[in-house]
Every structure is written in C-alpha cells, then in structure tokens.
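When you number the sequence shown by the UniProt record's numbering, it's gap-free, plus one each residue, and the end is 166.
Glycine included, each C-beta is placed from N, C-alpha and C at the ideal position.
Working notes, beginning with the structure itself.
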Amino acid sequence: MDDITELAAELGRRLQLLNAHVTTAESCTGGGIAEAITRIPGSSAWFEAGFVTYSNRQKTQQLGVPGELFEKVGAVSREVVEAMVRGAQRQSLARFAVAVSGVAGPDGGSPTKPVGTVWLAWGVGEAVFSEQRFFPGNRDEVRRQTVKAALDGLLQHATAEISNQG
C-alpha cells in the first residue's frame, strides 16, 4: 500500500469514529484526492462528493466562488480555495472538506506564482484553515504532493476532532 492510500485509509477510520463525511473541491489535482479516497473499500460510508472544478466558471457555477475573486486575486489564492471549501461543504453537507488550486505546470507559472505553487483549504464544520505550499518537481510530482498534503491535512483535522471529543 502506498503512502497516499495509507493516508486515505486512516482518514476513513477516523471519520467513521466521528460519524462524519468528507467532500473534495479540486482544481489542479483533477479529482486525484477523490480517487485516492475511493480506492478504500467502504469509503461510501464517509465520502460524500467530489467536485472537479478546473475552470473558473465551474468554480463559480458548482461551488459559488464569487467571479470577482478571479480578477482580484486569481484562481490560485487563499480567497478562492476558502470559497471553494465553503461551497463544497454547502453543496454536500459534509462536515469535513478540502479544496486545492495550484499551478502544476509545466506552464502557467508567473514570478509571483511559480510552477509548484498550491493553495489548500480545509473546512471542519464552521472553521476554515488554509495554507500556501510550494512543491518541487514536474506536473505529476506537484499533483501527487498536493493530493498527499490535502489528505494529510484532513487526517490532522479529524485527529484533532477526536482529541477534542475525548
């Protein structure tokens, strides 16, 4: 079992302890987080939905991301991933959510957002947490590292919820 599959399996165990569901809102990973989750037998007990919103139009249509954010801060930004995670929670009613938007390459980078720049956001109930990461490597490596970071963050937040209940 590879590291991503192990993270997804452990996430499932923790979400089942919490009787909670998760949803994903993905851009640069193209559904890779949802795919990793659904590798796990029985994931239908804790995986609610996956939104692959690659275009800005779909981020707005499916997740309710305000269109003016793209003009103001760009798709790869804290504001957009936070709006994506909120939209995914609203649409799916899942307690836990993750959203990602980034520049996987090989093109599309800029001096302020070079290839490998990724914003991630996690929603846990009413709380939202976000961070910017820079992943080295080619397109596949950036996407894989993003999937791993997204799952790792979900796992950390689920673990914190378990600790808070105990």
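Span of the beta strand (DSSP E) holding residue i?
i, result
"Phe51", "Phe47 to Val52"
"Ala127", "Ala127 to Phe134"
"Val100", "Phe96 to Gly102"
Applying the criterion that 16 or more other CB atoms from any shown protein chain within 10 Å of the CB defines a buried residue, is residue i buried or exposed?
i, result
"Ser110", "exposed"
"Gly123", "buried"
"Val142", "buried"
"Ser55", "exposed"
"Glu161", "buried"
"Lys59", "buried"
"Ala36", "buried"
"Gly67", "exposed"
"Ala150", "buried"
What span of residues does the alpha helix (DSSP H) with residue i cover, start to end?
i, result
"Gly153", "Arg139 to Gln165"
"Thr23", "It is not in any alpha helix (DSSP H) - Thr23 instead sits in the beta strand (DSSP E) that spans Val22 to Glu26."
"Lys113", "Segment: none, Lys113 is in no alpha helix (DSSP H) and carries neither H nor E."
"Arg57", "Asn56 to Leu63"
"Ile40", "Premise fails: Ile40 is in no alpha helix (DSSP H) and is neither H nor E."
"Leu93", "No alpha helix (DSSP H) contains Leu93, which DSSP labels as neither H nor E."
What are the residues that DSSP puts in a beta bridge with residue i?
i, result
"Arg13", "Answer is none; Arg13 lacks a bridge partner."
"Gly108", "Beta-bridge pairing links Gly108 to no other residue."
"Leu120", "Val100 and Glu131"
"Glu82", "Looking at the DSSP assignment, Glu82 forms no beta bridge with any residue, so it has no partner."
What whole-angstrom Cβ distance do residue i and residue j have, given they're in contact under 8 Å?
i, j, result
"Val147", "Ile33", "5 Å"
"Gly64", "Arg90", "7 Å"
"Val128", "Val85", "6 Å"
"Ala83", "Leu69", "7 Å"
"Arg14", "Thr159", "6 Å"
"Gly125", "Val115", "Not really, about 34 Å apart at Cβ, beyond 8 Å."
Legend entry - Validate contact between the region 91–108 and the region 116–134 using beta carbons, cut 8 Å, 3 pairs: yes
Legend entry - the region 47–54 in contact with the region 18–37 per 3-pair CB rule at 8 Å: yes
Inset, instruction - Answer yes if the region 36–46 comes into contact with the region 3–11, meaning at least three C-beta pairs across the two stretches below 8 Å, and no otherwise. - result: yes
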